[in-house]
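There are 2 protein chains.
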Amino acid sequence: MKQYKIAVVGATGVVGQMMRKVLEEKRLPVSEYVFFASKKSAGKKIIFMNKEYEVRELKEDSFDEKFDFALFSAGGETSKKYSPIASKSGCIVIDNSSAFRMEKDVPLVVPEVNIEDAKNNNGIIANPNCSTIQAVVALKPLDDKYKIKRIVYSTYQAVSGAGKYGINDLQNGIKHFEKNDKYQLEKFKYEIFNNCLPQIDVFLDNGYTKEEEKMINETKKILHRPDLKITATAVRVPVMNSHSESINVEFEKSFEEKELIQTLKNSKGVIVQEDITHEIYPIATKATGTDEVYVGRIRRDYSLDNGLNMWVVADNLRKGAASNAIQIMEYLMEQ
Amino acid sequence: MKQYKIAVVGATGVVGQMMRKVLEEKRLPVSEYVFFASKKSAGKKIIFMNKEYEVRELKEDSFDEKFDFALFSAGGETSKKYSPIASKSGCIVIDNSSAFRMEKDVPLVVPEVNIEDAKNNNGIIANPNCSTIQAVVALKPLDDKYKIKRIVYSTYQAVSGAGKYGINDLQNGIKHFEKNDKYQLEKFKYEIFNNCLPQIDVFLDNGYTKEEEKMINETKKILHRPDLKITATAVRVPVMNSHSESINVEFEKSFEEKELIQTLKNSKGVIVQEDITHEIYPIATKATGTDEVYVGRIRRDYSLDNGLNMWVVADNLRKGAASNAIQIMEYLMEQ
Chain B
0 MKQYKIAVVG ATGVVGQMMR KVLEEKRLPV SEYVFFASKK SAGKKIIFMN
50 KEYEVRELKE DSFDEKFDFA LFSAGGETSK KYSPIASKSG CIVIDNSSAF
100 RMEKDVPLVV PEVNIEDAKN NNGIIANPNC STIQAVVALK PLDDKYKIKR
150 IVYSTYQAVS GAGKYGINDL QNGIKHFEKN DKYQLEKFKY EIFNNCLPQI
200 DVFLDNGYTK EEEKMINETK KILHRPDLKI TATAVRVPVM NSHSESINVE
250 FEKSFEEKEL IQTLKNSKGV IVQEDITHEI YPIATKATGT DEVYVGRIRR
300 DYSLDNGLNM WVVADNLRKG AASNAIQIME YLMEQ
Chain D
0 MKQYKIAVVG ATGVVGQMMR KVLEEKRLPV SEYVFFASKK SAGKKIIFMN
50 KEYEVRELKE DSFDEKFDFA LFSAGGETSK KYSPIASKSG CIVIDNSSAF
100 RMEKDVPLVV PEVNIEDAKN NNGIIANPNC STIQAVVALK PLDDKYKIKR
150 IVYSTYQAVS GAGKYGINDL QNGIKHFEKN DKYQLEKFKY EIFNNCLPQI
200 DVFLDNGYTK EEEKMINETK KILHRPDLKI TATAVRVPVM NSHSESINVE
250 FEKSFEEKEL IQTLKNSKGV IVQEDITHEI YPIATKATGT DEVYVGRIRR
300 DYSLDNGLNM WVVADNLRKG AASNAIQIME YLMEQ
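Residue numbers (numbering that gives the first Met the number 0), protein chains in the order written: chain B, 0 to 334; chain D, 0 to 334.
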C-alpha cells in the first residue's frame, strides 16, 4: 500500500489544530507529516501521534522536498502565494482559504455532494466556506429529488470560525460578566458576548458581507446550479463552536414531508434529528466533536406551494473545515 | 386634568418589573397605583416612585374598587380568568398574554402601526408577542408603500423573553463556564448557554412552535393583511435581553433602496442604523434600555424581483412588552 507524505500549512491555527486532531483519529497511510506555520510560530514544538514535531517556517523552497498532499489553512494571502508553488512541485493542495474557491479550474468540493469534481484538479482543490459545507450536505439530496428554486439562509455562526481571537473575545466576555468590568476586544468590532453580530467578514459595495456572498456563490458552484436563486444573512452568535442555520427552501417539484425526511435520512453524512414530541432537534453543543451534518425542524413552509424550513447544525471546525479537507484527501488517496 | 387609577397585574414578574420601571419614567396622570401578583408573591414590599407598596394577592373581588386601566402580564391562565372580571368592572385591560390576541373583538395593537384599532375595544386590548411587535414597526411603513407579498422570519431571541428562570439558565451557564461543572436547568430543555435553541414555546401538530405561529398570525392581524404569506423560525440565543430578527421580504411593487431607507428613517418608532463603511448596524446590547426599533443591514435581495433583507433589533421587555402596553394606555388616556 502506498504511503503518502503530507504537509500541513498553518498547523498552529484553530483549523490547523483541528487538522492535526482529525489526522490523529484517522490514521491514514502516511509515511511522513511536516507541519508548517508562519515565522512567528516556527520552532514551536507540537505532539502529534505521541511524537514531538517542530513546526517549520513556510518558505518558497518548502515544497522542494516532494509532498503528495498539502493541507492549507493559513489564510488567503498565504494560499495565494504558496499554493501555486506547492502544486507546481507536484503535490495536490487542498486549500481551506477562499483564495481559489471561485476560480473556474479549481474544484470546490464537499465529498457527500460533488466528490467527482475533485478528480478534475490542476493541483489545487478548494475546501468551501464552513457555513456553505453544512448547508449543501443537507440541500444536495433535496435538490436531486425536488429541484431547488430559491434558498433564504439565516445563519447562527460560532466564534471558533473567527479563529483564536474570536474565541478570546467570547471567553473574555464570559469571564468578565460577573465582575462587570471592561476588557479589550481582540477580534470583533462589538462585544460578541451577549450579542448577535450581523456581520461576518468585510462588507462589499452591494451591502452584503463577504461571508454572505461566499454562501451564495459557493452553493451554486458546489451544486452545479448557477441558475439558483439564493440570498443570505450571516450572523455571529455567542456560541463557542458549531454553526446553526435557518434554511428556507422553495422547490420546483411538490413533495410529501415524510418522503422528504426519509430522503434526508438516507443521505450520506446527514443525521436527521426531528422529533417534536420529545423536543429533539439539532443543537450546537451536541454537534461539536462530530463530522456529521444534523438536520431538524423539518416542516412545510405554508407561505409557498413547495416550501420547506429546516434547521441545520454542524461542527464548523470539523465538517466545516478540517474533516471536509481530509475527506477529500482520503478520496484522492483511494483513487 | 383627569387622574387615573391603575392596576398592574403580575407586578413581580420580569415584564411586571419593567412595567413599573417604564411607569416611573413616564410620570403619567395617575392618582393611584395598585400592584397585584399571585398568592406566592403577595405581601412582598416594593419601592415605586420612592414610595413603599405592598403587593396584593389577585382575587376575584380585586376589581370591585374601580380601576381605569389594568396592565396584565401574569400569563395566559390568569388573563383568561381575571381579564373578563376586570373589564366587566368597567376598567380597560391591556393584556400582555396570548390569551385574547387572536379573538375577533379584541384589538391587537402596536401604537406606531394600528393605534386606531385600540378604540374599538370591548374592555380588553391585547399587547402582541414581543418578536411580532418589533417586526411590524419596521414592516408597516414598507407595506404601506410597497405592499408586502411574503415574509420569511428567522429570529434571534433573548432569554429575558422566557422570564426569570430563562435568565437564570443563561446566568448559571456563564457562571459555571470556568469551573466546567454541572448545574440544574430551570427553564430550558437544553443548555441555552453556548447554544442556539430552535424552540420557543411548545410545538404544534404542524411542526411549528407556538411562537412561530404567533408571529405569523399576529403580523397578519396587526397589519390588516390576512392574505399575507408568512413563514417563521423562532430561535432562542444566549443573549440576556433584546431580540434580533433576520427578515426577508418580498414586495408587490418595485422599490429604490435609497427611498426605502428614507421611508424607514421617516417612520415613527424606527431608528435606522445602516452604515457599512463604519460597520454600524443594530445590536442587542445597544437596543437594551430603549423603546425604539432599530433597523439595519437593509439591502436588496437579488434572488427576487422586489426582495429585501433587513436586521431588526429591539428591547423585548420594553418595546416588546411593557412600553408597548403603556403606550396603548397613554393613547387611551389622551382620548
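Beta carbons are placed, not taken as given, at the ideal position from N, Cα and C, and that holds for glycine.
Item: Burial state of Q334 (chain B), where buried means 16 or more other Cβ atoms lie within 10 Å; Value: exposed
Item: Ordered list of alpha helix (DSSP H) runs contained in the region 165-251 of chain D, each at least 4 residues; Value: 209-221
Item: Close Cβ partners of Y182 (chain B) (< 6 angstroms) along its chain, the five nearest in sequence each way excluded; Value: N171, H175
Item: Residue from B:F71, B:Y164, B:S130, B:D60 with nearest C-alpha to V7 (chain B); Value: B:F71
Item: Beta-carbon proximity of N121 (chain D) to D104 (chain D), cut-off 8 angstroms; Value: yes
Item: Short CB-CB distance (under 8 angstroms) between S153 (chain B) and chain D; Value: yes
Item: Distance, F99 (chain B) Cα to N128 (chain B) Cα; Value: 12 angstroms
Item: Classification of N350 (chain D) by the beta-carbon crowding that lies within 10 angstroms, buried from 16 upward; Value: Because residue 350 (chain D) is not part of the residues shown, which for chain D are 0 to 334, the question remains open.
Item: Whole-angstrom distance between G74 (chain B) and S96 (chain B), CA atom to CA atom; Value: 5 angstroms
Item: Where T154 (chain D) sits in the DSSP three-state scheme; Value: strand
Item: Span separating the alpha-carbon of T289 (chain D) from that of T230 (chain D); Value: 28 angstroms
Item: Cβ distance (whole Å) where Y280 (chain B) is taken to contact P197 (chain D) below 8 angstroms; Value: 5 angstroms
Item: Neighbour flag for P225 (chain B) against chain D, beta carbons, 8 angstroms; Value: no
Item: Sequence-distant residues of the same chain with beta carbon closer than 6 angstroms to S253 (chain B), five excluded per side; Value: N305
Item: Residue environment, M0 (chain D), which counts as buried when at least 16 other CB atoms sit within 10 Å; Value: exposed
Item: CA nearest to the CA of M17 (chain D), picked from D:M332, D:I327, D:D314; Value: D:D314
Item: 8 angstroms Cβ cutoff, D94 (chain D) in contact with chain B; Value: no
Item: Within chain D, the residues that A125 (chain B) reaches when beta carbons sit closer than 7 angstroms; Value: Those do not exist, as A125 (chain B) stays about 24 angstroms from chain D at its closest Cβ, beyond 7 angstroms.
Item: Terminal residues of the alpha helix (DSSP H) in which R298 (chain B) lies; Value: It is not in any alpha helix (DSSP H) - R298 (chain B) instead sits in the beta strand (DSSP E) that spans 292-300.
Item: As assigned by DSSP and simplified to three states, the class of K1 (chain B); Value: coil
Item: Reduced DSSP category for E115 (chain D) - H, G, I as helix; E, B as strand; rest coil; Value: helix
Item: Contact between the region 53-65 of chain D and the region 27-38 of chain D (3+ Cβ pairs under 8 angstroms); Value: yes
Item: Residues that DSSP places opposite M309 (chain D) in a beta bridge; Value: D:I246
Item: Contact list for R298 (chain B) against chain D, beta-carbon separation under 8 angstroms; Value: N205, G206, Y207
Item: Min CB distance I282 (chain D) to chain B below 8 angstroms; Value: yes
Item: Residue from D:V311, D:K285, D:I46 whose Cα sits closest to the Cα of V294 (chain D); Value: D:V311
Item: Cutoff 8 angstroms: N193 (chain B) Cβ touching any chain D Cβ; Value: yes
Item: Nearest residue (CA-CA) to E24 (chain D), options D:M332, D:S82, D:A321; Value: D:A321
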